[in-house]
Amino acid sequence: MKKHFLYAGALLMMLLASCVSQVETTQSGLNPENFRTKVGDAQTDLYVLKNQLGMEVCITNFGGRIVSMMVPDKNGEMRDVVLGFDSIADYIHIPSDFGAAIGRYANRIDHGRLVLDGDTIQLPQNNFGHCLHGGPKGWQYQVYDAKQIDGSTLELTRFSPDGDENFPGNVTAKVIYKLTDDNALNIKYTATTDKKTVINMTNHSYFNLSGNPAKAATDHILYINADYYTPVDSTFMTTGEILPVKDTPMDFTTPKVIGQDINNYDFVQLKNGNGYDHNWVLNTQGNMAQVAARLTSPESGITLYVYTNEPGIQVYTGNFLDGTVKGKKGIVYNQRASVCLETQHYPDSPNKPDWPSVVLEPGKTYKSECVFKFSVEE
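Rendered as structure tokens:
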């Protein structure tokens, strides 16, 4: 009898452990416990959004990062379509922008300098002499305050004090992620300040719509609703020109495979960008009803539609991934394993007075919106 009790007890413990394991593992295979820690004095966690169609998006408040995004393919199989890591420890020890809510200023500011009301402000120079993505201590490496509104909505708040990475003004920024029942992730950004400053936020998800980031995303088919782009010099800084895409490898007004021209280094812009790492000037003029960009994986059939009220979109094809980083499930991220579609104002706008302004003044509210909507192509 004693043996039966021992056996039954052991079986019960195994069943309980199994149930806990199932509860504590997301559809994408993440263990939320690996995201529950403290960075400085701030608590981090993993937040799970779901919709009625079974789509799942996992987000951590460390950097406001999208960690995984499970989307159905043409056969109904769920695939994780973004790159990332399995734990906060990896995000800390392997600096990256994977999935992050970037601030204060997404993209580059020339030599980290800008002028506001006659005062020259010197920002950190963390990328070829320029300030990239808010500097080395940008918001992607900070902890947002998190509030899960419901099963499909997460609100993140970041207070950035005056002088944060030398940007002026006490800024309060919010990022709201909402997963809708048509398989769209709506991202809304707002920010206010008590002193004139600059704001340019974006999401920096690295997409591989095949669901297999061990393979390059250069087979993906890309459409960009833009007749013009902003060229860059050899330090990835915009030159101040706005040039037509027509009759160049920058033309995606007719959908084409990303890899078709990406290695055409005879075209100086692809040489300067080490591939595609450029801002396109959208034709949409802030109209959220128009498609800004579309990306399709022929393998999975998954198609991503991008909508935004922003004037530009930075397309980056993972040119600097070099096989030294292992992401989720131990997969090595090689060059061009992904495509980033970052909706934003143009790079270095603070130093380009003819471009759409990024200046935020007290009493005004910065507003930006991006929608990533998924469907399948048969």
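Using mature numbering (1 follows the signal peptide of the UniProt record, and there is no 0), the letters of the sequence shown correspond one by one to residues -23 to -1, 1 to 355.
Built from N, CA and C at the ideal position, the CB exists for glycine as well.
Keep in mind the model is a prediction, meaning the values are calculated, not measured.
- The alpha-carbon of I65 is positioned some 45 Å away from that of D224.
- Here D18 carries a coil assignment [DSSP, helix/strand/coil].
- Following the DSSP letters along the chain, one finds Y284 in no alpha helix (DSSP H) but inside the beta strand (DSSP E) bounded by residues I279 to T285.
- A direct Cα-to-Cα measurement between V92 and P327 gives close to 8 Å.
- Of the candidates E10, R13, D331 and V316, V316 places its Cα closest to the Cα of P190.
- Excluding five sequence positions before and after T2, the CB atoms of its chain that fall closer than 7 Å to its own CB belong to N8, given in chain order.
- When the alpha-carbon of I235 is set against those of I201, R42, Y282 and I308, the nearest one is in I201.
- Taking the C-beta atoms as reference points, G61 is found no nearer than 8 Å to R81.
- The beta strand (DSSP E) runs lying completely inside the region 303 to 343 and spanning 3 residues or more are 316 to 321, given in chain order.
- I239 and I126 have their C-alpha atoms spaced approximately 42 Å apart.
- Contact annotation: D94 and K173 have beta-carbon atoms nearer than 8 Å.
- A270 and K15 have their alpha carbons spaced roughly 37 Å apart.
- Between K27 and A161, the gap from beta carbon to beta carbon reaches 8 Å or more.
- Excluding the 5 residues flanking it on each side, P232 has same chain C-beta neighbours closer than 8 Å at I198, L199, Y200, R271 and T273, in chain order.
- In the displayed model, F297 falls within coil according to three-state DSSP, outside both helix and strand.
- Three or more Cβ pairs closer than 8 Å define a contact, and the region 95 to 108 falls short of that threshold against the region 43 to 51.
- Residues of the same chain with a CB within less than 8 Å of the CB of Y24, apart from the 5 flanking positions on each side, are C35, I36, T37, N38, A123, Q125 and L131 in chain order.
- In this structure G89 is buried. Its beta-carbon is surrounded by 16 or more other beta-carbon atoms within 10 angstroms.
- DSSP lists A77 as the bridge partner or partners of H181.
- The shortest C-alpha to C-alpha distance from F229 to any of Y253, T216, K248 and G217 is the one to Y253.
- With contacts defined as CB atoms closer than 8 Å, D87 and M214 qualify as a contacting pair.
- Secondary structure note for H197: it is in no alpha helix (DSSP H), with a DSSP letter that is neither H nor E.
- Between the alpha carbons of N177 and G307 lies a gap of roughly 33 Å.
- As far as DSSP is concerned, N147 takes part in no beta bridge.
- In the structure shown, P9 falls within a helical segment according to DSSP collapsed to helix, strand and coil.
- Between the C-alpha atoms of W116 and A78 there is a straight-line separation of about 7 Å.
- If you look at Q246, you'll find it isn't in any beta strand (DSSP E); it sits in the alpha helix (DSSP H) that goes V245 to G250.
- About 21 Å separates the beta carbons of G112 and S182, which is beyond the 8 Å limit, so they are not a contact pair.
- Inter-residue distance for Q321 and K248 is about 23 Å (C-alpha atoms, whole angstroms).
- If you look at A161, you'll find it in the beta strand (DSSP E) that goes A161 to T170.
- Between N296 and S277, the alpha-carbon positions lie close to 23 Å from each other.
- Straight across, the Cα-Cα distance linking V353 with Y293 is about 23 Å.
- Rounded to whole angstroms, V268 and Y154 show a C-alpha spacing of 20 Å.
- Taking C-beta atoms as the reference points, S345 and N286 count as a pair closer than 8 Å.
- Comparing C-alpha distances from K51 to each of L281, V309 and A266 shows the shortest one belongs to L281.
- If the five residues before and after S211 are omitted, its C-beta is found closer than 7 Å to the C-beta atoms of N249, all from its own chain and listed in chain order.
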